[in-house]
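Chain order of the listed sequences is A and B.
What the first sequence shows, in the numbering used here, is residues 1 to 424, in sequence order.
What the second sequence shows, in the numbering used here, is residues 425 to 848, in sequence order.
Number of protein chains: 2
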Amino acid sequence: MALIVQKYGGSSVADADSIKRVAKRIAEAKRAGDDVVVVVSAMGDTTDELIDLAQQITPLPPQREMDILLTAGERISMSLLAMAISNLGVEAQSFTGQQAGVITDSVHGKARIIDVTPSRIQQAVDAGAVAIVAGFQGVTQHTNDVTTLGRGGSDTTAVALAAALQADVCEIYTDVDGVFTADPRIVPSARKIDRITYDEMLEMAASGAKVLVLRCVEYARRYGVPVHVRSSFSTHPGTLVTDAATEEGAPMEQPIIAGVAHDRSEAKITIVDVPDVPGKAARIFEVVAGSGVNLDMIVQNVSVASTGRTDISFTLPATDGAAATAALTRHQPDIGFTSLQYDDTIGKLSLIGAGMKSHPGVSARLFAALSDAGINIEMISTSEIRISVVTRADQLDDAVRAVHTAFDLDSADEQAVVYGGTGR
Amino acid sequence: MALIVQKYGGSSVADADSIKRVAKRIAEAKRAGDDVVVVVSAMGDTTDELIDLAQQITPLPPQREMDILLTAGERISMSLLAMAISNLGVEAQSFTGQQAGVITDSVHGKARIIDVTPSRIQQAVDAGAVAIVAGFQGVTQHTNDVTTLGRGGSDTTAVALAAALQADVCEIYTDVDGVFTADPRIVPSARKIDRITYDEMLEMAASGAKVLVLRCVEYARRYGVPVHVRSSFSTHPGTLVTDAATEEGAPMEQPIIAGVAHDRSEAKITIVDVPDVPGKAARIFEVVAGSGVNLDMIVQNVSVASTGRTDISFTLPATDGAAATAALTRHQPDIGFTSLQYDDTIGKLSLIGAGMKSHPGVSARLFAALSDAGINIEMISTSEIRISVVTRADQLDDAVRAVHTAFDLDSADEQAVVYGGTGR
Chain A
1 MALIVQKYGG
11 SSVADADSIK
21 RVAKRIAEAK
31 RAGDDVVVVV
41 SAMGDTTDEL
51 IDLAQQITPL
61 PPQREMDILL
71 TAGERISMSL
81 LAMAISNLGV
91 EAQSFTGQQA
101 GVITDSVHGK
111 ARIIDVTPSR
121 IQQAVDAGAV
131 AIVAGFQGVT
141 QHTNDVTTLG
151 RGGSDTTAVA
161 LAAALQADVC
171 EIYTDVDGVF
181 TADPRIVPSA
191 RKIDRITYDE
201 MLEMAASGAK
211 VLVLRCVEYA
221 RRYGVPVHVR
231 SSFSTHPGTL
241 VTDAATEEGA
251 PMEQPIIAGV
261 AHDRSEAKIT
271 IVDVPDVPGK
281 AARIFEVVAG
291 SGVNLDMIVQ
301 NVSVASTGRT
311 DISFTLPATD
321 GAAATAALTR
331 HQPDIGFTSL
341 QYDDTIGKLS
351 LIGAGMKSHP
361 GVSARLFAAL
371 SDAGINIEMI
381 STSEIRISVV
391 TRADQLDDAV
401 RAVHTAFDLD
411 SADEQAVVYG
421 GTGR
Chain B
425 MALIVQKYGG
435 SSVADADSIK
445 RVAKRIAEAK
455 RAGDDVVVVV
465 SAMGDTTDEL
475 IDLAQQITPL
485 PPQREMDILL
495 TAGERISMSL
505 LAMAISNLGV
515 EAQSFTGQQA
525 GVITDSVHGK
535 ARIIDVTPSR
545 IQQAVDAGAV
555 AIVAGFQGVT
565 QHTNDVTTLG
575 RGGSDTTAVA
585 LAAALQADVC
595 EIYTDVDGVF
605 TADPRIVPSA
615 RKIDRITYDE
625 MLEMAASGAK
635 VLVLRCVEYA
645 RRYGVPVHVR
655 SSFSTHPGTL
665 VTDAATEEGA
675 PMEQPIIAGV
685 AHDRSEAKIT
695 IVDVPDVPGK
705 AARIFEVVAG
715 SGVNLDMIVQ
725 NVSVASTGRT
735 DISFTLPATD
745 GAAATAALTR
755 HQPDIGFTSL
765 QYDDTIGKLS
775 LIGAGMKSHP
785 GVSARLFAAL
795 SDAGINIEMI
805 STSEIRISVV
815 TRADQLDDAV
825 RAVHTAFDLD
835 SADEQAVVYG
845 GTGR
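Given below as structure tokens:
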């Protein structure tokens, strides 16, 4: 008998019929002899509708009130799901984030989990019930104020709860069959990955793969929670995210490359003619960080000896472009650059695989593939298990396809899947 | 500077525009120098929509889950109202029933308030903020389970909070101008009552007046909370419910009659040919009480000497008719009655006024008025400040008008108000 934490996103519980279908699946897992704890997101478009209501009231709603408003969504889905399971003759009780012991800091709108003390969930499970827990929400430690966890919050709730309950697995149900070697909308021959390491999954998530958010994978890695990403529309096994890419006892010959991720949400800022003296680069990144912006890739050109000046480029989320540009322009006098170029028509491709550590020639093969496809590389950055390149946005799809093929990731037959983002 | 608790029902916060209108009213009260605590119901039809969703899932939803589901409604309205007030530059924070310290028993769906410990509300008020509290909801003492208070629950929340905060007044905002001498839909010349005692208001509520529920008035009387029932669509004073029908210093000549209430929701059961021996009536009411039904009026006819048998009639909520009938039929052998008649085409008229205690002839005048109007009286019951009669349902409106006129309650000019029930 195992303890399983299952998480269902908004599209899996979009209406009464979907809720009944999910309830049947949960009841079957329970009847098969496992203990089941379920984390659920708000129904379908509920969150968007609530945001819209708030916008009708005020363009800048206070975040504390916004969190109270949004958490109404999970309250509705969790109670309906508990009703649907009870209706199948399986006992079920729903619990708010607070009742489930999800304690967070007080950063409304994107709170971080500090601790999970799920004694009530454990009690419900011990008593033979299925516990349904509201995803995406928690309470602050001392004031019991309601908080939300931000994007991907329900996935994070599920993994955190699985860690606290020492669950055997955390199953993340979504509308795709698992994690793919590339986005099947761009690469129809992309293959589902059966197993992937936390490190690879982290790099995939950080590089634009949308199936799991970064913080959820970070949490799973820190606490060693096996995460099973699978479809709520089929019973096929999905992708197991764990600390070894192969099963114990299986041959350790793991594939070099896990997959190709892409990201279209970044922009590039180039700061032209920066005096090439110590401290100038540091000053730039200080200014940018001070505006609350996270940088991604950074490239400093070789200094032109005759002028003693250089260009510095970096990428950042396009949504932060205005803030960073404004901050830099404000500090133009003390940094001493000539001009600033902003470019949001870039794309980023990342090749990820723990195998590349021990296999030389991966980057050579990547660059050759891109070159053969006539794609120009504007920036490069690497980690031990990832190589990322920046291209023109309109060449990104071609780049992903070329690289996917060059590393033998194409499957024999084309998949017929719809690839979408997860809910919150 | 006073501390005012205001309660707004669902129709007052039905959409974004209504919420903004109510927010303006609250902000004005706050700017006028008073401390303001607001209790709010769910928006318009939200509760019905949530009930409908539950019905799509299962015909018999577990009450615990139903309570979690329904409390989502106040979460939405309270956070939106807090946003709207903040948007006007007045600080506002919303609080759930739990955060406001509303502790109840564990009878889901119609929990009773055990205690109110509003330390967080007091803190918010002391800090200069308007506190918005979810009506209709609380939590159980030890398990922190979410409960709802049943019909009229938000009014009860408001009065209970006003008592705990020792507020100067509890203002119940509704879609009518106050409490009327009769339902203006039936008696267009009905007058708004300026002041009414708790006792009279209790009898009004118990006799079918829908503007305030019984438990809310009971709570107000027990803790001496002045309740001001008024319209959210105007600034006219409404009806003040308090312990003296006249202001201090004002002449004590209070009107004999406060008003005429009517109730169309009852049914009558007549048990025919009951053996007129001690204990039989007690046995009947034991059986009915055992089925969870509350009786209202009871009449036992004079025993027919030749047979030693009698008829017993009582009224009860029509919704309890099936349960009571089934219980009595099951016990027909040991009670020993011949037959049972069920009649749900009755109406009840009640004349209420603390003045009738000291004014003889009130009942004579009532019966004369009904007789003159050609209306037959089927049952009568009286208390110190109330006389109730049962008539045919289709004669009830005529009866109300006749009695209203007979006791000089008609106003000079007809009111142009719409009289409706309150929200929850």
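Backbone N, C-alpha and C define an ideal beta-carbon position, used for all residues, glycine too.
Query	Result
Gly347 of chain A at chain B interface by Cβ criterion, 8 Å	no
Ile335 of chain A, buried or exposed, once every other Cβ within 10 Å from all chains shown has been counted against 16	buried
Sequence ranges, beta strand (DSSP E) only - wholly within the stretch 339-384 of chain A, length at least 3	339-343, 346-352 and 379-383
Contact check, Thr157 of chain A vs Val102 of chain A, beta carbons under 8 Å	yes
3 or more residues per run - each beta strand (DSSP E) lying fully within the stretch 479-525 of chain B	516-519
Identity of the residue in B:Arg455, B:Thr806 and B:Ile537 nearest Gly574 of chain B by Cα	B:Ile537
Buried or exposed (CB count within 10 angstroms, at least 16 for buried), Gly89 of chain A	exposed
Continuous alpha helix (DSSP H) assignments of at least 4 residues falling wholly in the stretch 647-731 of chain B	704-714
Within chain B, partners of Leu161 of chain A - CB distance below 8 Å	Those within 8 Å of Leu161 of chain A in chain B number zero; the least Cβ separation is about 18 Å.
Cβ-based neighbour list, Pro251 of chain A, same chain, cut-off 7 Å, excluding 5 preceding and 5 following	Below a pLDDT of 50, predicted positions are generally treated as unreliable, and Pro251 of chain A, at 48, falls in that range; the measurement from the model is reported next regardless. Contacts found: none.
Interface flag, Met83 of chain A vs chain B, CB-CB below 8 Å	yes
Beta-carbon gap between Asp599 of chain B and Ser435 of chain B smaller than 8 Å	yes
Where Met425 of chain B falls, given that 16 or more other Cβ within 10 Å makes a residue buried	exposed
Within 8 Å, strictly: CB atoms of Gly777 of chain B and Ile681 of chain B	yes
Leu427 of chain B versus Thr621 of chain B - alpha carbon distance	22 Å
Whole-angstrom distance between Ala586 of chain B and Pro650 of chain B, CA atom to CA atom	9 Å
Where the beta strand (DSSP E) through Ala558 of chain B begins and ends	Val554 to Ala558
Residues from the stretch 57-69 of chain A in contact with chain B, defined by Cβ distance under 9 Å	Ile57, Thr58, Pro59, Leu60, Pro61, Pro62, Arg64, Glu65, Met66, Asp67, Ile68 and Leu69
Expected contact under 8 Å - CB spacing of Thr753 of chain B and Leu764 of chain B to nearest Å	7 Å
C-beta contact flag for Phe180 of chain A and Arg191 of chain A at 8 Å	yes
Test item: CB-CB of Asp242 of chain A and Gln137 of chain A under 8 Å	According to the sequence provided, residue 242 of chain A is Thr. The question's Asp does not apply to it. Contact flag unset, no.
Glu808 of chain B burial status per 10 Å Cβ neighbour count (16 or more: buried)	exposed
Contacting residues, own chain, Cβ-Cβ under 6 Å from Phe407 of chain A (five flanking each side not counted)	Ile257
Members of the stretch 441-459 of chain B near chain A, C-beta cut-off 9 Å	Asp441, Ile443, Lys444 and Ala447
Minimum C-alpha distance to Leu794 of chain B - residue among B:Ala456, B:Leu493, B:Gly533 and B:Leu820	B:Leu820
Whether Ile193 of chain A touches Lys7 of chain A by CB criterion (8 Å)	no
Residues that Leu425 of chain A contacts on chain B, provided the C-beta gap is smaller than 7 Å	The structure shown does not extend to residue 425 of chain A, since chain A spans only 1 to 424, so no value can be given for it.
Those residues which DSSP pairs with Tyr597 of chain B across a bridge	B:Tyr432 and B:Arg654
Test item: CB-CB of Val130 of chain A and Ala100 of chain A under 8 Å	no
Outcome for Gly552 of chain B when other beta-carbon atoms lying within 10 angstroms are tallied against a minimum of 16	exposed
Beta-carbon proximity of Asn568 of chain B to Gln517 of chain B, cut-off 8 Å	no
Contact residues within the stretch 324-345 of chain A, judged by C-beta distance below 8 Å to chain B	none
For Asp35 of chain A, three-class secondary structure by DSSP	strand
Start-to-end residues for the beta strand (DSSP E) that takes in Pro317 of chain A	Arg309 to Pro317
Sequence-distant residues of the same chain with beta carbon closer than 7 Å to Glu266 of chain A, five excluded per side	Asp296, Thr315, Leu316, Pro317, Ala318, Ile346 and Lys348
Positions along the stretch 528-543 of chain B whose CB lies within less than 9 Å of some CB in chain A	none
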